[in-house]
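K.L.:
From first to last, the protein sequence lines are chains A and B. Counting along the first sequence from 1, when you hit position 154 you're at 157 in my numbering, and nothing is skipped either side. Counting along the second sequence from 1, when you hit position 94 you're at 651 in my numbering, and nothing is skipped either side. Once you've had a glance at the structure underneath, I'll fire off some questions.
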Amino acid sequence: MLKIKDLTVNVGTKKILKGLNLEVNAGEIHAIMGPNGAGKSTLSHVLSGKSGYEVTGGSITYNDKNLLEMPAEIRAREGVFLAFQYPVEIAGVTNVYLLKAALNAVRKHKGLSEVDAMDFLTLVKAKTKALDMDEKFLYRAVNEGFSGGEKKRNEILQMAMLEPQLCILDETDSGLDIDALRIVADGVNALRSENRAFIMVTHYQRLLDYIKPDFVHVLADGKIVKSGGAELALELEEKGYGWLEQA
Amino acid sequence: MSISWLDDFRQQAKSQFEQTGFPSNRLEDWRYTNVSAIAKKEFPLAKIENSPVFDGSQGGTAFHFVLVDGFFNAELSNLPESITVCSINDAVKNHADLLQSKFNQAITQTHGFIDFNTANFTDGLFIHIAENGVLDKPLQIIHVATQEAILPTRHVVILEKNAKATLIETFSSSEGNAYLTNSVAEIFVGENADLTLYKVQQESETAYHFGGTYVQQADNSKFTHHNFALGSVLARSDIVCDLKTAAECELNGLYLAFKNQHLDNLTRINHVESHGISREFYKGILNDQAKGVFQGRIVVAENAQKIDSKMNNRNLLLSNEAEIDTKPQLEIYADDVKCAHGVTVGQLDEKSIFYLQSRGIDEATAKHILTFAFANEMVDKITVPSLRESVFNLLLARFPEGAER
């Protein structure tokens with residue numbers, strides 16, 4: 004599904020990613036761990052098409068297409084979804100309007116008709132309930148005045164509505180208490196399928212107790228320096244990142 | 558029929574106007590707005606003509622007072638019977654004493670547009686709501702322009718003690734019509750009375766507009782104004798409120814200027830006595846080569862203590878060539894007051910645009926959604942549902958896909 008080859012990325016004149024390689028297939032869950040400043044968020048942002056990053060080398064192919072050539076909205080419509088580390092508050096735009104506009108944009112791209120208003124409401128209410136969110140959230144401005152946990156749940160709600168193929172979770176566990184973490188993890192686990200892949204970017208092993216990865220990669224100084232199975236995360240938790248950088 | 562007291566006002570204003578003409582840029586209040594184009598147009602004064610068919614019921618309000626080219630049209634109007642409401646020309650005949658006692662009394666400082674209006678007004682609205690009287694449904698004053706002329710109208714609105722009313726004033730024309738609206742309203746809000754006034758200015762893109770609203774607020778009275786400036790190539794709005802003891806004033810505004818439009822909003826809130834409350838919130842969206850002006854001044858007189866006043870002006874610039882001149886001013890002569898003001902000028906937030914894009918929404922639509930949301934905060938304040946819907950739709954026409962219909 005996703006092939007990243009020798010990716011190098013600059014922010015300004017600073018080299019952040021220095022030859023990153025990663026291959027993700029449908030049905031897989033990959034965890035990307037690493038110390039602060041290793042380039043984890045840069046990777047998430049570059050995948051989702053955020054401006055401000057200069058790709059200086061390498062390639063990213065997604066379903067055999069050149070991902071880097073697509074504007075952010077086309078990536079989203081093609082099934083790439085980024086759950087933000089810091090979801091943006093948007094005053095005056097209701098959650099329900101954003102969800103509907105987004106869903107219709109994706110549907111239109113796929114050649115489908117706009118979603119029926121009643122079907123949409125039924126669907127969105129069911130998904131809201133599954134994430135243990137009050138329906139009132141639907142009619143509030145996007146993320147405005149939401150707690151940290153509510154914002155992250157809202158990200159998963161959007162993900163559940165858009166049913167993307169490649170889900171990128173950027174530090175989704177940050178700022179969550181155990182209860183919220185469990186709800187978010189349940190939401191993600193419910194979306195696991197053989198057609199869908201996940202990249203979980205995280206600093207801590209904690210999230211991986213709830214969402215079990217197939218692969219764990221360690222990102223340090225702009226490269227993946229070690230890959231392994233779920234057990235690698237436990238090893239990192241125990242030993243920290245220092246021993247890898249020295250190796 | 559000649560009425561001598563009114564003729565005196567007219568004559569005096571006429572000679573004043575002959576001396577000064579329309580205001581020049583040298584005047585501080587007119588620094589940012591050059592109206593010399595208006596004088597050059599040499600518009601004639603509007604005449605009564607057989608006007609084209611027009612559906613006066615548009616806007617969905619029960620009561621409407623229709624002015625076609627500045628002349629009251631009784632056939633197109635539907636007036637409430639529970640209060641005194643008529644054309645100002647009728648009031649000159651039928652309510653002479655009351656009108657004479659109020660006429661020109663709300664205007665404390667004059668300029669060329671007001672003088673021209675006093676000298677030449679063709680017609681307008683007269684309302685008198687007696688003590689404890691309530692106008693239970695909004696009355697819409699509908700201005701329709703069909704001539705290429707100057708349309709001077711004058712309103713006098715009097716609410717006695719405890720009276721309550723909602724008025725809506727709309728200005729419109731067919732597209733491409735060039736004319737000058739010159740509308741002056743004098744408003745007297747009696748003790749403990751409550752008036753809400755909505756203004757929706759959607760003149761043609763080639764029209765000029767001057768609208769002045771001068772308000773005298775008695776003790777404990779409340780005046781709420783919502784000012785939507787959407788049309789005209791050049792428009793100036795004056796709102797001046799004088800507040801007596803414990804009077805409350807709320808001024809909301811939204812100006813939306815596109816292409817080569819120039820929209821100027823001047824407000825003055827004069828707290829002349831103590832315990833008054835004022836809230837002012839104006840938002841502007843400027844696109845293309847358009848220009849916006851906000852001049853808001855709050856004056857607290859020396860003996861006006863315990864005043865609570867807030868003013869806020871927020872502007873969104875959508876193009877590099879758009880311009881806003883904003884000048885909020887607090888002029889405080891009393892020592893025990895709570896006053897604050899704030900101004901912002903900015904562009905759409907890049908993070909918000911990207912967030913919407915990352916959900917599959919293209920950049921142009923994302924910008925429409927965010928701009929609509931910025932403006933809609935003011936539309937949401939409208940409490941008359943049919944009016945809120947029609948202003949919402951006017952906004953949506955500017956930013957398609959900005960919101961769900």
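Don't be surprised by glycine CBs; every beta carbon is placed ideally from N, CA and C.
Do Glu934(B) and Lys801(B) have their beta-carbon atoms positioned less than 8 angstroms apart in this structure?
P.N.:
no
K.L.:
Taking 8 angstroms as the cut-off, does the region 138-145 of chain A touch the region 175-195 of chain A (at least 3 CB pairs, one atom from each stretch)?
P.N.:
In short, these stretches do not touch, since the Cβ pair count stays below three.
K.L.:
Using a Cβ distance threshold of 8 angstroms, determine whether the region 755-768 of chain B contacts the region 727-744 of chain B, with at least three qualifying pairs required.
P.N.:
yes
K.L.:
Less than 8 angstroms between the CB atoms is what I'm expecting for Leu808(B) and Gly849(B), so what's the real figure, rounded?
P.N.:
At roughly 16 angstroms, the Cβ-Cβ gap does not stay under 8 angstroms, so Leu808(B) and Gly849(B) are not in contact.
K.L.:
Is Ala954(B) close to chain A? Criterion is C-beta to C-beta, closer than 8 angstroms.
P.N.:
no
K.L.:
Excluding five sequence neighbours on each side, which residues of the same chain lie with their C-beta closer than 7 angstroms to the C-beta of Ala94(A)?
P.N.:
Ala144, Glu147
K.L.:
Using a beta-carbon distance cut-off of less than 8 angstroms, what residues from the region 39-53 of chain A approach chain B?
P.N.:
Answer set for the region 39-53 of chain A: Ser51, Gly52, Lys53.
K.L.:
Leaving out five residues on either side along the sequence, give the residues of the same chain with a beta carbon under 7 angstroms from the beta carbon of Asp564(B).
P.N.:
none
K.L.:
Any idea what DSSP makes of Ser62(A), helix, strand or coil?
P.N.:
strand
K.L.:
Considering Cα atoms alone, identify which of Asp224(A), Ala223(A), Ile227(A), Lys215(A) is closest to Glu234(A).
P.N.:
Lys215(A)
K.L.:
Enumerate in chain order the residues of its own chain whose CB-to-CB distance from Arg945(B) is below 8 angstroms, with the five nearest sequence positions on each side excluded.
P.N.:
Val936, Asp937, Ile939
K.L.:
Is the distance from the Cβ of Glu920(B) to the Cβ of Lys103(A) below 8 angstroms?
P.N.:
no
K.L.:
Within its chain, find whatever has a CB closer than 8 angstroms to the CB of His33(A); leave out the 5 residues flanking it on each side and keep chain order.
P.N.:
Leu25, Val27, Ala200, Phe201, Ile202, Met203, Pro216, Asp217, Phe218, Val219, His220
K.L.:
When the Cα atoms are used, what is the spatial distance from Phe620(B) to Val191(A)?
P.N.:
56 angstroms
K.L.:
Using a Cβ-Cβ distance cut-off of 8 angstroms, determine whether Arg80(A) contacts chain B.
P.N.:
Any Cβ of chain B closer than 8 angstroms to the Cβ of Arg80(A) would place that residue at the interface, and such an atom is present.
K.L.:
Of all Cβ atoms in chain A, is any one closer than 8 angstroms to the Cβ of Glu934(B)?
P.N.:
yes
K.L.:
May I have the straight-line CA-CA distance separating Gly243(A) from Glu72(A), to the nearest angstrom?
P.N.:
Spanning the two alpha carbons is a distance of roughly 37 angstroms.
K.L.:
With DSSP as the reference, identify every bridge partner of His783(B), one or two as the case may be.
P.N.:
Tyr755(B), Asn809(B)
K.L.:
Quick check for students: name the residue ranges of the beta strand (DSSP E) that lie wholly in the region 162-202 of chain A, counting only runs of 3 or more.
P.N.:
Here the runs fully enclosed are 169-173.
K.L.:
Short of 9 angstroms Cβ to Cβ, which residues in the region 911-930 of chain B face chain A?
P.N.:
Phe911, Tyr912, Leu913, Gln914, Ser915, Arg916, Gly917, Ile918, Asp919, Glu920, Thr922, Ala923, Ile926, Leu927, Phe929, Ala930
K.L.:
Show which residues of chain A have a CB atom less than 8 angstroms away from the CB atom of Lys908(B).
P.N.:
Chain-ordered, the chain A residues with CB closer than 8 angstroms to the CB of Lys908(B) read Val91.
K.L.:
In angstroms, rounded to a whole number, what distance separates the CA positions of Ala847(B) and Tyr912(B)?
P.N.:
Taking the straight line joining both Cα atoms gives about 28 angstroms.
K.L.:
With DSSP as the reference, label Ala764(B) as helix, strand or coil.
P.N.:
coil
K.L.:
Would you decide whether Glu638(B) is buried or exposed? Buried here means 16 or more other CB atoms lie within 10 Å of its CB.
P.N.:
exposed
K.L.:
Say whether chain B places a C-beta atom closer than 8 angstroms to the C-beta of Val14(A).
P.N.:
no
K.L.:
List, in chain order, every chain A residue whose beta-carbon is nearer than 9 angstroms to that of Glu946(B).
P.N.:
Here the premise fails: no neighbours, minimum Cβ distance about 17 angstroms.
K.L.:
For the region 115-156 of chain A, which segments carrying the alpha helix (DSSP H) assignment without a break, of at least 4 residues, lie completely within its bounds, in sequence order?
P.N.:
120-133
K.L.:
For the region 26-87 of chain A, list the beta strand (DSSP E) runs that are entirely contained and at least 3 residues long, ordered along the chain.
P.N.:
32-36, 57-65, 83-86
K.L.:
Against Gln161(A), what residues of chain B qualify as contacts under a CB-to-CB distance less than 7 angstroms, listed in chain order?
P.N.:
Arg916
K.L.:
Distance check for Gln168(A) and Lys68(A), CA to CA, integer angstroms please.
P.N.:
14 angstroms
K.L.:
Buried or exposed for Val610(B), going by 16 or more other Cβ atoms inside 10 Å?
P.N.:
The pLDDT assigned to Val610(B) is 49, lower than 50, so where the model puts this residue is not dependable, and the model offers no usable value.
K.L.:
Return the chain-ordered list of same chain residues with a C-beta closer than 6 angstroms to the C-beta of Ala183(A), the five sequence neighbours on each side being excluded.
P.N.:
Gly152
K.L.:
Mark Glu760(B) as exposed unless 16 or more other C-beta atoms lie within 10 angstroms of its C-beta, in which case mark it buried.
P.N.:
buried
K.L.:
If you reduce the DSSP assignment to three classes, tell me which class Met868(B) lands in.
P.N.:
strand
K.L.:
Between the C-alpha atoms of Asn822(B) and Phe851(B), what's the straight-line distance to the nearest angstrom?
P.N.:
5 angstroms
K.L.:
Please work out which residues of its chain come closer than 6 angstroms, Cβ to Cβ, to Ser614(B), disregarding the five sequence neighbours upstream and downstream, and give them in chain order.
P.N.:
Its pLDDT being 48, under 50, Ser614(B) is placed unreliably by the model, and the measurement read from it follows with that caveat. Hits under 6 angstroms: none found.
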